[in-house]
Each structure stands twice: as C-alpha cells, then as structure tokens.
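For reference, the structure is listed below as structure tokens.
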Amino acid sequence: MAKAQSLTTRNGDRIAVVTGLRTPFAKQATAFHGVPALDLGKMVVNEMLTRNDIDPKIIQQVVFGQVVQMPEAPNIAREIVLGTGMDIGTDAYSVSRACATSFQAITNVTESIMAGSIDCGIAGGADSSSVVPIGVSKKLAHQLVNLSKAKTTSDKLKIARQLSLKDLLPVAPAVSEYSTGITMGQTAEQMAKSYNISRQAQDELAHRSHTLAAKAWEEGKLKDEVMTAYPEPMKSFIAEDNNIRKNSSVEGYAKLRPAFDRKHGTVTAATSTPLTDGAAAVLLMSESRAKELGLEVLGYIRSYAYSAVPADVDGLIGPSYAIPEALDRAGIKFDDLALFDMHEAFAAQTLANLKCLESDTFAQEKLGRPERVANIDQSKFNVLGGSLAYGHPFAATGARMITQTLHELKRRGGGLGLTAACAAGGLGVAMIVESA
C-alpha cells in the first residue's frame with residue numbers, strides 16, 4: 005500500500021490549478037489539416053494567458069509534450085515560450101509518456117512548485133495526426149549518409165546505384181509498439197477476448213460517450229474550457245469538437261465491421277478513438293502565488309500514481325494498477341470520489357479496466373489487496389462522455405480530462421475527482437484532483 009502523499013510546498017501551500025484550456029479536438033485532416041502540433045500548442049497557451057489576463061512574463065516554467073514529434077522542433081515547450089511572449093529566460097522542456105504525456109507534464113510542474121524551484125508554470129500537450137513526419141527507408145537513410153561523405157561524382161553514382169525504387173518509397177510513422185510489434189487496436193482486441201467484453205457492451209459504451217458529450221456541448225458545459233480556433237490562414241474557424249456524433253445510435257454501430265480482427269473481432273472504428281488533432285494546457289501555481297495575484301483557483305492536485313505492466317498482453321490495463329496507488333496516496337477510498345473520468349482509448353480497454361477494478365480476484369491476485377478497489381457508480385463515471393467521442397490528440401488528453409473534471413466538480417458543488425489513462429508501452433496513470 006502506497007504511503008499518503010502531501011502535495012504541498014515547504015510552506016504548506018497546495019498546488020493550485022488556476023485554469024485550463026484546450027482547442028477543439030478535430031478529426032484527422034479536417035479543421036486543423038496542415039496545422040503543426042507546435043502551432044496548436046502556441047495557440048492554446050497564448051489564448052489561456054490572454055483570456056485570464058496573465059502576464060506571460062510571470063511564467064517561470066513550461067513543460068509540454070508531443071507524442072508524434074516533428075524533427076524540426078524537438079523541444080515544443082521551448083518553442084511555445086519563444087512564440088507566446090514569455091521571458092526569454094523561462095525554463096522549458098518537453099516530455100513524452102505516450103497517451104499520458106500531459107499528465108506527466110502536470111506532474112513535473114507540480115513537483116517543481118513543491119520543491120520551491122518555481123511558483124508558477126504551464127503544463128500541457130499537443131499532437132497533430134494531420135502533420136506527421138514522413139521518414140525514409142533504413143537503406144536510403146544509410147546511403148544518404150554515405151552520399152554526404154562521398155568525394156567524387158563517381159563515388160556518388162556508385163552509392164546511388166545500390167538503391168532500388170522500393171528503397172525510395174516514403175515510410176509512414178509506425179502504429180505498432182516498437183518492442184512488441186503489436187498495435188493498440190490488436191491489444192484492445194486481445195483484452196476484449198481475455199476479459200469477455202462483448203461487442204454489444206462496447207457499442208453501448210461508445211453510444212453513451214457520444215450521447216453525453218453531445219449533451220455537454222448542447223448545455224454549454226464546455227464553453228469556458230474550449231477556445232474557438234482560427235487556424236492559418238484564418239479563413240475558417242472551429243468552435244467545437246468535430247468527432248462527436250450528435251445522432252448516435254447503437255444500431256448504427258452494430259453495422260460496422262471489426263477493424264483489427266476481421267473474422268472473430270469485436271473492436272470497430274466506432275469503439276476506438278479516432279486520429280485527432282488538438283492541444284490542451286493548464287496553469288499551475290502555488291496557492292499563495294495565486295492569491296497574491298488575485299486569481300480564482302479552479303482546484304488542486306491531490307495525488308498521482310504511475311504504473312507499468314507488460315506491453316505484449318493486457319498492455320492497456322495500467323489504470324487498474326495506478327488507481328489504487330493514487331487513492332492510497334490521497335488517503336481516500338474510491339467511494340469518497342464525486343467523479344471518475346477514465347480515458348476511453350477503446351471501449352474494450354475501458355470496460356476491461358472497470359471489470360478489474362470491481363474484481364476481488366484481480367485485487368487479490370494482481371494487487372495483493374484483500375478486496376476489490378471499487379464499486380463503480382455509473383452516475384459518477386465519464387459523466388460528460390469520453391475520448392471515444394471527443395477524440396484523442398495523444399499528448400493533450402490528460403490536460404483535457406483534468407480541466408474538464410475540475411469544471412464539473414465545481415458545477416456539482418465541489419469534491420474529489422479521479423482521472424486515469426492507459427498509455428502505450430504498458431503504462432498507466434491516475435491523478436486525483438480536488439475542487440477549490
């Protein structure tokens with residue numbers, strides 16, 4: 005059992021989430037087609053500072069992430085500092101923890117504030133599936149290096165003749181795990197079979213996610229946390245997430261073919277998160293610094309925990325290991341939570357994790373605990389829908405979840421909220437926040 009955390013500075017200040025903001029999330033090759041992740045990151049950070057009347061010069065640290073990295077801008081955090089009017093000496097570095105990237109960014113800024121290194125920082129992430137690095141074959145890369153070293157035209161021609169047309173073909177970014185060769189979709193399919201997750205249950209979760217997300221937009225619940233974006237050349241705009249199905253139906257999902265196991269599979273495009281473009285950021289401060297500046301605080305970081313499991317089998321079950329650790333570190337039980345928000349990478353992965361959290365056997369055999377972690381109240385779970393509806397710009401999802409949960413806690417009169425996500429490589433994260 006994990007030891008309780010005290011997420012405060014040496015002076016006893018809590019770590020405050022002052023505000024959070026995101027762009028609308030857009031399906032690949034739609035509203036943000038041609039807009040790099042860096043531009044999305046600068047866009048959201050600049051807007052967050054402007055609408056909250058925050059002087060960029062007071063920001064002492066920026067920790068930002070990008071999963072699909074662009075070679076020409078490997079440190080997205082530093083580029084955001086340089087592109088948003090912050091002090092040139094602002095500390096900035098980038099992180100990557102797959103789908104948990106912005107959780108990691110928030111953790112790092114939190115720990116910098118706790119250590120007393122800073123009292124104000126920005127954390128977040130951005131990703132574009134529409135602007136991706138296109139590589140070259142290993143043989144072409146090898147020969148290009150040789151060409152750069154060749155002295156004579158004859159030597160260069162000799163090297164070039166060793167290349168075939170196949171070697172010249174562009175190489176798209178890999179979608180499978182480097183260490184296992186397995187895609188996330190294949191892992192979701194494996195977990196659906198291993199945990200007996202039916203096709204109908206997956207379709208119903210996707211329908212629930214889209215229905216609740218559409219309702220959240222219709223009722224204006226997301227207007228304060230999602231900006232209107234005007235991508236270059238500013239001839240159009242996007243004000244809402246464009247993946248949400250406003251007329252979702254289980255019957256419609258039932259007609260779709262399996263995406264990863266055509267013969268015996270149950271995971272479809274509708275029960276998988278789509279490739280998405282977007283960015284999200286949060287502004288963190290020590291509680292006393294926020295008060296000094298007269299800023300209203302949205303909430304506080306209460307605890308967090310990370311986990312790692314084998315990537316080849318049940319590679320998306322990490323949240324079931326991280327959640328009990330985060331609860332212990334916060335010194336609370338699952339029933340103390342007012343909200344529980346889990347990243348829906350796939351309906352199968354989400355339902356498998358819920359099943360594990362409610363299993364005495366899983367708790368005893370995998371966690372060494374006497375009884376199940378949770379009895380999940382569906383009225384507290386993903387109440388505004390989840391990633392199946394909103395989409396999933398890999399590095400931005402965690403910041404979306406934290407901001408969304410804190411706003412919903414405020415609407416409900418306060419309390420504690422748990423956010424959790426799986427991530428590639430068998431990773432998992434859980435973070436607990438408390439409403440101000």
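If you're matching positions, the sequence shown starts at 5 in my numbering and goes up one per residue.
Note that beta-carbon positions come from the ideal geometry of N, C-alpha and C, so glycine has one too.
Everything numeric in this text was worked out from a predicted model, so none of it was measured.
Review point. Is the beta carbon of Gly69 less than 8 Å from the beta carbon of Ala284?
Key: no
Practice item. State the Cα-Cα distance for the pair Thr401 and Thr27, rounded to the nearest angstrom. Key: 11 Å
**Study point:** First and last residue of the uninterrupted beta strand (DSSP E) at Ala434
**Key:** 431-439
Check your understanding: For the alpha helix (DSSP H) that contains Gly45, what are its first and last residues?
Key -> 41-55
Check your understanding: Among Leu11, Ala81, Thr12, which residue has its Cα nearest to the Cα of Asp43?
Key -> Ala81
**Study point:** Distance between Arg165 and Val433 (C-alpha atoms, nearest Å)
**Key:** 50 Å
Review point. Can you pull the DSSP bridge partners for Cys124?
Key: Met289
Check your understanding: Bridge partners of Ala424, per DSSP?
Key -> Met346, Ala434
Check your understanding: Which residues in the same chain as Pro174 place their Cβ atom closer than 8 Å to its Cβ, once the five residues preceding and following it in sequence are excluded?
Key -> Ile138, Gly139, Val140
Point to revise | Where the alpha helix (DSSP H) through Ile163 begins and ends | key: 157-164
Review point. With distances taken from CA atoms, which of Leu260, Lys170, Ser133 is nearest Leu144?
Key: Lys170
Check your understanding: Roughly how many angstroms separate the alpha carbons of Lys225 and Gly389, rounded to a whole number?
Key -> 12 Å
**Study point:** CB of Asp287 within 8 Å of CB of Met74, strictly
**Key:** Position check: residue 287 holds Leu in this sequence, whereas Asp was assumed. In this structure, Met74 does not lie closer than 8 Å to Leu287 by Cβ.
Point to revise | Any chain C beta carbon closer than 8 Å to Val175 | key: Note that chain C does not occur in the displayed structure, where there is just one protein chain.
Review point. Start and end of the beta strand (DSSP E) containing Ile19?
Key: 19-26
Point to revise | Ranges of the alpha helix (DSSP H) found wholly within the region 172-251, counting only runs of at least 4 | key: 188-198, 203-222
Point to revise | Continuous beta strand (DSSP E) assignments of at least 3 residues falling wholly in the region 75-142 | key: 95-99, 124-131
Review point. First and last residue of the beta strand (DSSP E) that includes Ala312?
Key: 303-312
Check your understanding: In chain order, what residues of the same chain lie with their CB nearer than 7 Å to the CB of Glu438, ignoring the 5 residues before and after it?
Key -> Gly303, Tyr304, Arg306, Leu420
Review point. Can you tell me where the alpha helix (DSSP H) with Val2 in it begins and where it stops?
Key: A query on residue 2 cannot be resolved here, the shown segment of the chain reaching from 5 to 440 and no further.
Check your understanding: Should the region 101-114 be called in touch with the region 366-380, which here means at least 3 C-beta pairs below 8 Å?
Key -> no
Review point. Relative to the C-alpha of Tyr394, which residue among Arg415, Gly282, Gly418, Pro235 is closest?
Key: Gly282
**Study point:** Whether Thr407 touches Glu229 by CB criterion (8 Å)
**Key:** yes
Check your understanding: Whose CA, out of Val85, Asp318, Tyr308, lies closest to the CA of Thr187?
Key -> Asp318
**Study point:** Own chain, CB closer than 7 Å to Ile122, minus 5 neighbours either side, in chain order
**Key:** Gln64, Gln65, Ser116
Point to revise | For Val66, the three-state DSSP class (helix, strand or coil) | key: strand
Check your understanding: Can you give the beta carbon distance from Ala102 to Gly429, rounded, assuming they're within the 8 Å contact cut?
Key -> 6 Å
Check your understanding: Which of the three DSSP states, helix, strand or coil, is assigned to Val387?
Key -> strand
Review point. Shortest alpha-carbon distance to Met231 belongs to which of Arg404, Met435, Gly16, Leu422?
Key: Arg404
Review point. Where DSSP assigns a beta bridge to Lys31, which residues make up the other side?
Key: Thr280
Exercise for review: Report the rounded CA-to-CA distance for Pro262 versus Val99, giving the unit in angstroms.
Suggested key: 34 Å
Practice item. Rounded to whole angstroms, what's the CA-CA distance from Pro177 to Ala220? Just pull it up for me. Key: 34 Å
Review point. So, do the region 150-164 and the region 316-330 have three or more beta carbon pairs nearer to each other than 8 Å?
Key: no
Point to revise | Under the three-state DSSP convention, the category Thr354 falls into | key: helix
Review point. Looking at C-alpha atoms only, which residue of Ala30, Phe36, Tyr199, Lys337 is the closest neighbour of Met238?
Key: Phe36
Exercise for review: Give the DSSP-derived three-state secondary structure of Thr365 in the structure shown.
Suggested key: helix
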